[in-house]
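Below is one structure, written out as structure tokens, with a few remarks after it.
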Amino acid sequence: MITVDFRRVDIRPGHRVLDIGCGEGRHTVRMCQEKDVICTGADFGFDNLIATRCKLKFHEAINDFSCQDWHLAAMDITAIPFANSSFDLVLCAEVLEHIPNDDAAIDELTRIVKPAKTLVVSVPRAWPEKICWQLSDEYVNADMGHVRIYKKKELQRRIIDRGFTFQGSHFAHSIHSPYWWLKCLVGPNRTDAWPVNLYHRLLVWDLMKKPWITAWLDKLMNPIMGKSVVMYFQKNPSHR
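When you number the sequence shown by this note's numbering, it's gap-free, plus one each residue, and the end is 266.
Rendered as structure tokens:
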């Protein structure tokens, strides 16, 4: 499930790219398909990195990669161990909402982007997320769960104030919003609720088969109820 629209991102041979908070590697794998990039996937969780490594090795074995090289690293997003201006592209998808000290995280994300290069940030969209919070205390209080709801304009301003220009945004994954509302309604940890399980089968079918009907519905409904908001920024050339 790819959240970022890579048609909106300038990726060229030789670029150093970072997927911070890579989870199980969905965007890391996608970036490794770009020609001659040097890709790093990073996450706080070792289990996530192990899963990412398995995916990368699989895609590498079937010659699905065009990258020059790839690396994985365990790190804390509030203390990223890279020098200033290290990357041509930094991608942070669905991570900041989990971080208590998000000011430190944003400082680090913006610090490691090269001047005139790209930062992509996605977070849950405010109103679909609010419904989840209202439906389920378990969702709100989950271990390593979401600790805040972002307003798009506020997060946008915080990144602009650190020397970036806003380049545009879009919403994504509208067909996932009802799934999470259903999960929160019945209890996010329940595994025996047939409406949730049926909807999950639909999402797996969409992910594996990519039918035109769900792609069309998702695109149609994204402006209204897209679960994620994805924002694109360029670091100002004069900002170091």
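Yeah, the Cβ is synthetic: ideal placement off N, Cα and C, and Gly gets one too. Since we're looking at a predicted model, the values are computed, not measured.
Taking only three categories from DSSP, how would you classify residue i?
i: Met27; result: coil
i: Met257; result: strand
i: Thr240; result: helix
i: Ala130; result: helix
i: His172; result: coil
i: Ala219; result: coil
i: Arg42; result: strand
Take residue i and list the residues in its own chain whose beta-carbon comes closer than 7 Å to its own, dropping the five residues that flank it on each side.
i: Ile157; result: Trp207
i: Leu75; result: Asp69, Leu98 and Ala100
i: Ile186; result: Phe192
Under 9 Å, do residue i and residue j count as touching if we go by C-beta distance?
i: Lys261; j: Gly189; result: yes
i: Arg38; j: Val63; result: yes
i: Glu120; j: Pro150; result: yes
i: Leu82; j: Gly67; result: yes
i: Cys65; j: Val43; result: yes
i: His41; j: Leu115; result: yes
i: Val139; j: Ser111; result: yes
i: Phe192; j: Met234; result: no
Please go through the same chain and pick out, in chain order, the residues whose beta-carbon is closer than 8 Å to the beta-carbon of residue i, but skip the five residues on each side of it.
i: Pro141; result: Ser111, Lys261, Asn262, Pro263, Ser264, His265 and Arg266
Answer yes or no: does any C-beta atom of chain B fall closer than 9 Å to that of residue i?
i: Gly40; result: No chain B is part of this structure, which consists of one protein chain only.
* Counting only runs of 4+ residues fully inside the segment 132-163, write out the alpha helix (DSSP H) ranges in chain order. => 152-161
* Is the segment 229-243 in contact with the segment 170-185, if contact means three or more CB pairs nearer than 8 Å? -> The segment 229-243 and the segment 170-185 do not touch, with fewer than 3 CB-CB distances between them shorter than 8 Å.
* Are the segment 233-251 and the segment 193-204 in contact at 8 Å, needing three or more beta carbon pairs? -> Flag = yes, the segment 233-251 and the segment 193-204 touch.
* To do: Taking 8 Å as the threshold, find out whether the segment 91-103 comes into contact with the segment 123-137 through three or more Cβ pairs.
  => Judged by Cβ distances under 8 Å, the segment 91-103 makes contact with the segment 123-137, as three or more pairs qualify.
* Does the segment 159-173 come within contact of the segment 109-129, defined as at least 3 CB pairs closer than 8 Å? -> Touching, per the Cβ criterion.
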